[in-house]
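A short write-up of the structure that comes next.
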Amino acid sequence: MRVLGIDPGLRNLGWGVIDVLGTRISHVANGICHSDAGDGDLAQRLVSLHSQLTEVLRRYAPDAAAVEHTFVNKDAVATLKLGQARGIALLVPAQAGLTIGEYAPNAVKKAVVGVGHAAKAQVDHMVRLQLPGVEIAGPDAADALAIAICHAHHLQSAGRLDAALRRAAG
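In structure tokens, the structure reads:
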């Protein structure tokens, strides 16, 4: 199964693609979709993110996607703008017919690092340990790979639970 992780951001939207075979995961690609803040036109920035993320899906053909929940901060305007970028992160995989997992930042950190309040550097380090030799495009891409890894763990757990339920029923 191929999993796309997305770290929503209006200026930098991180993405990471991994392949999952049983309990083994391997890196496929990662990157960052950039929108130009120079002109300040929010609609055009969202269009840019949409087209870039659509190209990522076309190129790597994931089977599932996962998106991080928006972190609410003190700046309501910034939170709303981030929410709109998150809408693009949800829309593009949904348009491709993918199921989308959604995870809180602490859940991602706990799945990848083992601690829900891990620092970004710890997340980056653990992603590199789990995907040996990976070249990461930046912190947003590292976070996106962590989201993909978290979703892979969730899918593996759900698969084991489904198998156990089928054995118990049969």
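Heads up, my numbering is the position in the sequence shown plus 3, with the first residue counted as 1.
Ideal Cβ positions, reconstructed from N, Cα and C, are used throughout, including at glycine.
### Task
Answer yes or no: do ALA110 and GLY19 have a C-beta to C-beta separation smaller than 8 Å?
Counted from its first residue, the sequence shown places residue 110 at position 107. Counted from its first residue, the sequence shown places residue 19 at position 16. Cβ distance not < 8 Å, so ALA110 and GLY19 don't count as in contact.
### Query
Is it the case that the Cβ atoms of LYS112 and VAL126 are separated by a distance below 8 Å?
Along the sequence shown, read from residue 1 onward, the residue named residue 112 stands at position 109. Along the sequence shown, read from residue 1 onward, the residue named residue 126 stands at position 123. Yes, they are a contact pair.
### Task
Within the segment 6-59, note down every full alpha helix (DSSP H) run reaching 4 residues or more, in order along the chain.
none
### Query
Just reading off the beta strand (DSSP E) that THR102 is part of, what are its end residues?
Translated into the one-based positions of the sequence shown, residue 102 becomes position 99. Counting along the chain, the beta strand (DSSP E) containing THR102 begins and ends at 102-106.
### Query
Excluding five sequence neighbours on each side, which residues of the same chain lie with their C-beta closer than 8 Å to the C-beta of LYS84?
Your numbering for residue 84 matches position 81 in the sequence shown. Cβ within range, chain order: LEU13 and LEU45.
### Query
Using the beta-carbon count (16 or more within 10 Å), is ALA122 buried or exposed?
For the purposes of this step, residue 122 is taken as residue 119 along the sequence shown, with counting starting at 1. Under this definition ALA122 is an exposed residue.
### Task
Determine the direct distance from the alpha carbon of PRO135 to that of ASP66, and round the result to whole angstroms.
Numbered from 1 along the sequence shown, position 63 holds the residue referred to as residue 66. Numbered from 1 along the sequence shown, position 132 holds the residue referred to as residue 135. About 23 Å.
#### Entry: Buried or exposed (CB count within 10 angstroms, at least 16 for buried), LEU62
As a first step, residue 62 must be located in the sequence shown, where it is residue number 59. First, the residue type needs correcting, since residue 62 is Arg and not Leu in the sequence shown. Classification for ARG62: exposed.
### Query
Where does VAL111 sit, in a helix, a strand or coil, going by DSSP?
Mapped onto the sequence shown, residue 111 falls at position 108. In the structure shown, VAL111 sits in a helix (DSSP, three-state: H, G or I).
#### Entry: Span of the beta strand (DSSP E), counted from its first residue to its last, around ALA67
Here residue 67 is taken as the residue at index 64 of the sequence shown, counted from 1. Following the DSSP letters along the chain, one finds ALA67 inside the beta strand (DSSP E) bounded by residues 67-71.
### Message
By alpha-carbon positions, which one of VAL130, HIS157, VAL31 and GLY141 ends up nearest to VAL59?
### Response
Counted from its first residue, the sequence shown places residue 59 at position 56. That would be VAL31, whose Cα lies nearest to the Cα of VAL59.
### Query
Hey, ASN33 and ALA124: beta-carbon distance below 8 Å or not?
Counted from its first residue, the sequence shown places residue 33 at position 30. Counted from its first residue, the sequence shown places residue 124 at position 121. The answer is no: Cβ separation not under 8 Å.
### Message
So for LEU158, helix, strand or coil by DSSP?
### Response
If you number the sequence shown from 1, residue 158 lands on position 155. Helix, per DSSP.
### Query
Which of the three DSSP states, helix, strand or coil, is assigned to HIS128?
Indexing the sequence shown from 1 puts residue 128 at position 125. If DSSP states are grouped into helix, strand and coil, HIS128 belongs with the helices.
### Same chain only: Cβ atoms within 8 Å of LEU94, ignoring 5 sequence neighbours per side
As a first step, residue 94 is located in the sequence shown; it is residue number 91 there, counting from the start. Excluding sequence neighbours, LEU94 sits near HIS53.
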